[in-house]
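Chemist:
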Amino acid sequence: MRITTWNINSVRLRMNLLEKFIQMTSPDVICLQETKAHDDVFPHELIKQLGYEFLAFSGQKSYNGVAILSKYPIEDVFSLEFYNEDKRHIAGKINGIEIHNFYIPAGGDEPDIEINPKFKHKLEYIKLVQEWFATNRNKTDKIVLVGDLNIAPHEHDVWSSKQLKKVVSHTPIERELLINLQNSFEFIDSGRHFTPMEEKLYSWWSYRGKEWDKSNRGRRLDHIWVSLPLKDNLKKIVSLREARGWERPSDHVPFTLDLK
DNA sequence: ATGGTTGGCGCCCAA
Numbered sequence: 190m191r192i193t194t195w196n197i198n199s200v201r202l203r204m205n206l207l208e209k210f211i212q213m214t215s216p217d218v219i220c221l222q223e224t225k226a227h228d229d230v231f232p233h234e235l236i237k238q239l240g241y242e243f244l245a246f247s248g249q250k251s252y253n254g255v256a257i258l259s260k261y262p263i264e265d266v267f268s269l270e271f272y273n274e275d276k277r278h279i280a281g282k283i284n285g286i287e288i289h290n291f292y293i294p295a296g297g298d299e300p301d302i303e304i305n306p307k308f309k310h311k312l313e314y315i316k317l318v319q320e321w322f323a324t325n326r327n328k329t330d331k332i333v334l335v336g337d338l339n340i341a342p343h344e345h346d347v348w349s350s351k352q353l354k355k356v357v358s359h360t361p362i363e364r365e366l367l368i369n370l371q372n373s374f375e376f377i378d379s380g381r382h383f384t385p386m387e388e389k390l391y392s393w394w395s396y397r398g399k400e401w402d403k404s405n406r407g408r409r410l411d412h413i414w415v416s417l418p419l420k421d422n423l424k425k426i427v428s429l430r431e432a433r434g435w436e437r438p439s440d441h442v443p444f445t446l447d448l449k
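So the first sequence is numbered by the numbering used here: it starts at 190 and just counts up by one.
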């Protein structure tokens, strides 16, 4: 089973890129974030024409929004709403595996919970996810957790750990909380399972600043984790860097896992 | 220390 996570930054604007990616990669399951489309305007007919008959989506106007596109039936679909009415999560069971698609809050600019409520909300959100899994799921369940988690947890998940240590997405508190969440459920980080810790691995390059390709100031914000029963099924991952150079790209690239 | 770009929507906000 081939599973992709991709923050597409407006699904309606980038249907042509989605089609291009599908032709290249043909995943069984595609999890999208930042669809930025209310359910009433989600392009479900077009996506079905691309070969994804089974869809689950939870969207809102302008912001957030997540979707699961699947070649196989999706059962037991539900969404967690940890903050306001934000559409940041959708889950469902495909071929006996429960897939959780998250769009964790970005957290604003200032990494200080006293003056920035968005940062506070981000940290709380991660703790709530951890509590939810501890309370509602077992480590023996077959689970895949994907999404734009908006945190680059390890040193070589960013172009300069030193220069980004006070930048939201790579502050010590966020890194610690995300690693705690991962360890608390013994999730396996597929990106680092296949890429040595000392090797750079990115999934996002900012729109700001010229020459993203040459300067290569990337971050690994997008992740696919699997629960312990799926560890031996891990086959390979691909972070599709070239997608950042496509015409009118998302600032995130598709990240794909193959499971035996 | 600062400013840089993009998308959605409505005349600015979030990333």
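The C-beta atom is built at its ideal place from N, Cα and C for all residues, glycine as well.
Can you round the beta-carbon distance between R201 and P232 to whole angstroms, since I take them to be within the 8 Å contact cut?
Modeler: Rounded to whole angstroms, the Cβ separation of R201 and P232 is 6 Å, and the two are in contact under 8 Å.
Chemist: Taking only the alpha-carbon atoms, compute the straight-line gap between E344 and E320 and give it to the nearest angstrom.
Modeler: 26 Å
Chemist: Can you list, in chain order, the residues of its chain with a C-beta nearer than 6 Å to that of F271? Leave out the 5 residues immediately preceding and following it.
Modeler: Y314 and L317
Chemist: Apply the 10 Å Cβ neighbour rule to Q222 and answer buried if 16 or more other Cβ atoms are within range, or exposed otherwise.
Modeler: buried
Chemist: According to DSSP, is H227 helix, strand or coil?
Modeler: coil
Chemist: My output table needs one value for A295: the three-state DSSP class, helix, strand or coil.
Modeler: coil
Chemist: Give the single residue among I219, E387, D217 and V442 whose Cα lies nearest to the Cα of S349.
Modeler: E387
Chemist: Within a Cβ cutoff of 6 Å, which residues of the same chain sit near V335, ignoring the five residues on either side of it in sequence?
Modeler: T194, C220, N290 and I413
Chemist: Under 7 Å, do S439 and I236 count as touching if we go by C-beta distance?
Modeler: no
Chemist: Evaluate N325 with the Cβ neighbour count: other Cβ atoms within 10 Å of its Cβ, from every protein chain shown; 16 or more gives buried, anything less gives exposed.
Modeler: N325 should be labelled exposed.
Chemist: Is there contact between the segment 408 to 423 and the segment 360 to 376, where contact requires at least three CB pairs shorter than 8 Å?
Modeler: yes
Chemist: Within a Cβ cutoff of 6 Å, which residues of the same chain sit near H359, ignoring the five residues on either side of it in sequence?
Modeler: Counting only Cβ-Cβ distances below 6 Å, and skipping sequence neighbours, we find A341, V347 and L353.
Chemist: Can you name the residues that DSSP bridges to A323?
Modeler: DSSP lists no partner for A323.
Chemist: Is it right to say C323 is buried, meaning 16 or more other beta carbons lie within 10 angstroms of its own, or is it exposed?
Modeler: Sequence check: residue 323 is Ala here, not Cys. Per the 10 Å Cβ criterion, exposed.
Chemist: Spatial neighbours of L448 within its chain, please: CB distance less than 6 Å, with the 5 preceding and 5 following residues excluded, ordered by chain position.
Modeler: M190 and N422
Chemist: Do L410 and I426 have their C-beta atoms within less than 7 Å of each other?
Modeler: no
Chemist: May I have the straight-line CA-CA distance separating T224 from E303, to the nearest angstrom?
Modeler: 30 Å
Chemist: Quick check: what's the CA-CA separation for G285 versus R364?
Modeler: 31 Å
Chemist: According to the Cβ coordinates, are A245 and V266 closer than 7 Å?
Modeler: yes
Chemist: I'd like to confirm the pairing. Which residues does DSSP put opposite L334 in its beta bridges?
Modeler: H289 and W414
Chemist: I'd like the list of long-range same chain contacts for P294, defined as Cβ closer than 6 Å, with 5 residues on each side in sequence excluded.
Modeler: H310, K311 and Y314
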